[in-house]
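Numbering (the numbering used here), first residue to last: 2 to 219.
All C-beta atoms in this analysis are idealised placements derived from N, C-alpha and C, irrespective of residue type, glycine included.
Owing to the predicted nature of the structure, the values given are computational and were not obtained by experimental measurement.
All remarks here apply to the structure that follows.
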């Protein structure tokens with residue numbers, strides 16, 4: 002009888018053992034959640050860094066050549082490998098996600114910047130040189146200009162803009178809080194659903210469980 006009771010006790014887990022297992026599980030889950038938070042914060046920081054880098058590159062190009070990249074009518078003279086020029090009207094014209102990589106100034110801007118060695122990438126005489134880079138979450142990173150009358154202003158921002166698509170709403174909101182007013186419909190940072198037109202004429206509030214365009218004016 003005593004032998005049977007002893008064996009039953011040995012077969013089960015004590016409260017201490019169960020508690021230890023639960024603590025280990027909690028630590029593992031906490032580590033996973035902390036890791037996810039670190040990844041999120043890293044990508045949000047890169048959103049700001051990439052945006053500021055593009056803004057600085059555009060300003061440097063303007064300081065060096067007295068023209069905006071993409072809008073530069075002398076780019077093919079300055080850089081032998083540039084196949085397209087802008088019209089030098091002071092506006093980077095076109096949608097920030099251009100489907101035509103040969104004519105839109107918002108596409109030409111990338112090769113102008115690359116040939117001026119202001120952003121990474123090859124300076125080549127082909128439309129592929131105008132392909133937009135990727136943003137920190139894997140979507141596209143584009144440049145537009147809210148002063149372009151056609152199409153409408155970019156999310157109501159009447160300035161040059163750097164835009165990113167496929168951004169999780171939570172990333173966008175934190176990015177806005179850290180760098181602007183935290184409101185998706187006002188300020189220099191605004192958002193709009195990915196289903197909107199390529200120049201996303203109307204800004205919308207950040208909505209849970211969505212991916213959106215985020216544009217930053219400068």
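Here's the rule I'm using: 16 or more other beta-carbon atoms within 10 Å means buried, otherwise exposed. How should residue i be labelled?
i           : result
residue 21  : exposed
residue 18  : exposed
residue 28  : exposed
residue 145 : buried
residue 104 : exposed
residue 64  : exposed
For residue i, which residues from the same chain have a beta carbon less than 6 Å from its beta carbon, with the 5 sequence-adjacent residues on both sides left out?
i           : result
residue 58  : 114, 119, 120
residue 117 : 62
residue 1   : The question about residue 1 has no answer, for the chain in this structure spans 2 to 219.
residue 126 : 82, 84
residue 111 : 131
residue 182 : 188
Using only the alpha-carbon positions, how far apart do residue i and residue j sit?
i           : j           : result
residue 138 : residue 16  : 45 Å
residue 178 : residue 185 : 10 Å
residue 171 : residue 26  : 27 Å
residue 75  : residue 66  : 9 Å
residue 78  : residue 205 : 42 Å
residue 124 : residue 134 : 14 Å
Within a Cβ cutoff of 7 Å, which residues of the same chain sit near residue i, ignoring the five residues on either side of it in sequence?
i           : result
residue 109 : 71, 85, 87, 131
Round the Cβ separation of residue i and residue j to the nearest angstrom and send it over; I've been treating them as touching at under 8 Å.
i           : j           : result
residue 156 : residue 193 : 6 Å
residue 89  : residue 68  : 6 Å
residue 208 : residue 169 : Rounded, the Cβ-Cβ distance is 11 Å, inconsistent with contact.
Examine the Cβ distances between the region 157–171 and the region 89–100 and report whether three or more of them are shorter than 8 Å.
Yes, the region 157–171 is in contact with the region 89–100.
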